[in-house]
Amino acid sequence: MNTDNKLSHAQWGFSLVELMVAMVVSLFLTLGVFSMFAMSSTNVTTTSQFNQLQENGRIALALIERDVSQLGFMGDMTGTDFVLGMNTTIDAPAIAAANDCIGAGANNASFPNNQAAHFRRIWGYEHSAGGGGMACIPDVSVDTDVLQVKRLIGPSIAPAALNSNRYYMATTSSQAVIFAGDQAVPPLTNSRIWELQHHVYFIQTDNNVPVLMRRVLGKGGMKSGSSYEQLVEGVENIRVMYGFDSNGDKSADSFRPAQSTTSFMWDNTALQRLVAVRIYVLVRSLEEDNSYTNNTVYTLGDKEIAANGDGFRRKVVMTTVVLENPILL
Numbered sequence: 000m001n002t003d004n005k006l007s008h009a010q011w012g013f014s015l016v017e018l019m020v021a022m023v024v025s026l027f028l029t030l031g032v033f034s035m036f037a038m039s040s041t042n043v044t045t046t047s048q049f050n051q052l053q054e055n056g057r058i059a060l061a062l063i064e065r066d067v068s069q070l071g072f073m074g075d076m077t078g079t080d081f082v083l084g085m086n087t088t089i090d091a092p093a094i095a096a097a098n099d100c101i102g103a104g105a106n107n108a109s110f111p112n113n114q115a116a117h118f119r120r121i122w123g124y125e126h127s128a129g130g131g132g133m134a135c136i137p138d139v140s141v142d143t144d145v146l147q148v149k150r151l152i153g154p155s156i157a158p159a160a161l162n163s164n165r166y167y168m169a170t171t172s173s174q175a176v177i178f179a180g181d182q183a184v185p186p187l188t189n190s191r192i193w194e195l196q197h198h199v200y201f202i203q204t205d206n207n208v209p210v211l212m213r214r215v216l217g218k219g220g221m222k223s224g225s226s227y228e229q230l231v232e233g234v235e236n237i238r239v240m241y242g243f244d245s246n247g248d249k250s251a252d253s254f255r256p257a258q259s260t261t262s263f264m265w266d267n268t269a270l271q272r273l274v275a276v277r278i279y280v281l282v283r284s285l286e287e288d289n290s291y292t293n294n295t296v297y298t299l300g301d302k303e304i305a306a307n308g309d310g311f312r313r314k315v316v317m318t319t320v321v322l323e324n325p326i327l328l
C-alpha cells in the first residue's frame with residue numbers, strides 16, 4: 000500500500016473547538032466595532048448640540064445687543080428728553096392703548112405723552128406666574144425677563160424711502176415731530192428723518208420649544224400679526240441686569256435686576272444713571288438626548304436655574320453692553 004498517496008489526499012480544516020473559539024473572538028471584535036460606532040455617534044451628537052447652543056446663543060445676544068447698544072439714540076435730539084408742546088409734536092394718528100405695548104411708568108408707550116414724566120427708552124420686568132407686566136405679550140414663559148427698548152434707527156433717510164407701515168421722527172437739535180410713513184413730511188427746517196423703533200423681547204414656547212420672540216412697532220401699534228417675530232429657537236431664559244452709576248464716574252457701580260430697579264432709576268434721576276446692561280441667555284438644545292441626564296444648576300446673574308434631570312443640554316452666554324447715549328436731565 001502506498002502511504003504517501005493516502006497522505007496527499009487527506010482533508011485538513013478547523014476542529015469544532017477551534018471553530019467555536021474563532022466565533023467567540025469574532026463576536027468580541029464585532030461588539031467592539033459596534034461600541035466604537037455608538038461612541039462615535041454619541042460624540043457627534045454631543046458636539047453638534049454644543050455647536051448649536053453656541054451659535055444660537057451668539058445670535059440671540061447679537062440681536063438684543065444691537066438694540067441695547069444704540070439705546071437713547073434719538074437723532075439730533077439725542078441726550079434730550081421729549082416734552083410735548085415744547086420740543087416735541089406728534090402728527091401721527093394716536094395709537095390706541097389696546098394696540099400698543101405700554102410698560103410701567105407714567106410715560107412708557109410707543110409715543111411720548113404729556114404727563115410730567117420722562118419718556119422711558121428702556122424698561123424691563125421678570126414675568127411671574129401671576130402675570131402682570133405688558134398686556135401686549137400674553138403667554139410669556141414664567142420666570143423669564145421681558146425687555147423693552149425704544150430708539151431711532153440710523154442712518155437718516157430720504158422722504159422717498161419712507162415705508163407706509165412705519166413711524167418716523169423728523170428732528171433738529173431743538174425740535175422733534177413724529178409722523179407716519181404715509182403722511183406728508185413735516186415742514187421742519189433743516190431736519191433729518193429717522194425711523195422710530197419700539198421693540199419688546201420675550202420668551203415664548205412654541206410646540207414645546209422655547210423661542211426668543213420680538214414685538215415690533217408698526218402702523219397702528221404693536222398688536223397686529225405681523226408685529227410678532229420669531230428670532231431664535233432654543234432660548235429658554237433671559238436675565239437682564241441693569242448697571243447704574245451712582246458716583247458720576249460714568250461706569251456701573253452695581254448691577255441689579257428689574258424687580259429691584261426703582262422708578263427714579265428707570266428715569267435716570269436721584270443720582271442713579273443707567274450706563275450699562277448685562278444680558279444673560281440660557282440656551283437649550285432643541286431635542287432631548289435620552290442617553291444624557293442634565294442635573295446642572297445654571298447661574299444667570301443673580302438667579303439660578305436647575306435642569307432637574309432632563310435630557311436637554313444647555314449653555315449660558317453673556318455680554319455686557321455699555322450705553323453710548325446717556326440722557327441729559
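Residue numbers (numbering that gives the first Met the number 0): 0 to 328. C-beta: ideal position from N, C-alpha, C; glycine also. Treat the numbers as computed from the prediction; the structure is a model and nothing was measured.
Output yes or no for whether 8 Å exceeds the beta carbon distance between residue i and residue j.
{"i": "residue 236", "j": "residue 202", "result": "yes"}
{"i": "residue 58", "j": "residue 231", "result": "yes"}
{"i": "residue 175", "j": "residue 110", "result": "no"}
Secondary structure at residue i, three-state DSSP: helix, strand or coil?
{"i": "residue 58", "result": "helix"}
{"i": "residue 120", "result": "coil"}
{"i": "residue 127", "result": "strand"}
{"i": "residue 332", "result": "Given a span of 0 to 328 for the chain in the structure shown, any question on residue 332 remains unanswerable."}
{"i": "residue 170", "result": "strand"}
{"i": "residue 345", "result": "Since the first residue shown for the chain is 0 and the last is 328, residue 345 is missing from the structure and cannot be characterised."}
{"i": "residue 79", "result": "coil"}
{"i": "residue 92", "result": "coil"}
{"i": "residue 305", "result": "strand"}
{"i": "residue 164", "result": "coil"}
{"i": "residue 147", "result": "strand"}
{"i": "residue 133", "result": "coil"}
If you draw a straight line from the C-alpha of residue i to the C-alpha of residue j, how long is it?
{"i": "residue 63", "j": "residue 55", "result": "13 Å"}
{"i": "residue 274", "j": "residue 65", "result": "16 Å"}
{"i": "residue 105", "j": "residue 117", "result": "8 Å"}
{"i": "residue 142", "j": "residue 304", "result": "10 Å"}
{"i": "residue 280", "j": "residue 255", "result": "16 Å"}
{"i": "residue 85", "j": "residue 208", "result": "48 Å"}
{"i": "residue 168", "j": "residue 267", "result": "23 Å"}
{"i": "residue 189", "j": "residue 87", "result": "16 Å"}
{"i": "residue 172", "j": "residue 278", "result": "32 Å"}
{"i": "residue 27", "j": "residue 293", "result": "32 Å"}
{"i": "residue 264", "j": "residue 319", "result": "19 Å"}
Touching by the beta-carbon criterion (3+ pairs, under 8 Å), the stretch 161–174 and the stretch 239–255: Output reads no: the stretch 239–255 does not touch the stretch 161–174.
Cβ pair count under 8 Å reaching 3, the stretch 148–163 against the stretch 52–72: yes
Within the stretch 180–224, ranges of the beta strand (DSSP E) (whole runs, at least 3 residues): 191–205, 208–215
The stretch 276–292 in contact with the stretch 305–312 per 3-pair CB rule at 8 Å: yes
Meets three-Cβ-pair contact criterion under 8 Å: the stretch 97–108 and the stretch 134–147: yes
3 or more residues per run - each beta strand (DSSP E) lying fully within the stretch 252–297: DSSP runs (the beta strand (DSSP E)) wholly in the stretch 252–297: 253–256, 272–283.
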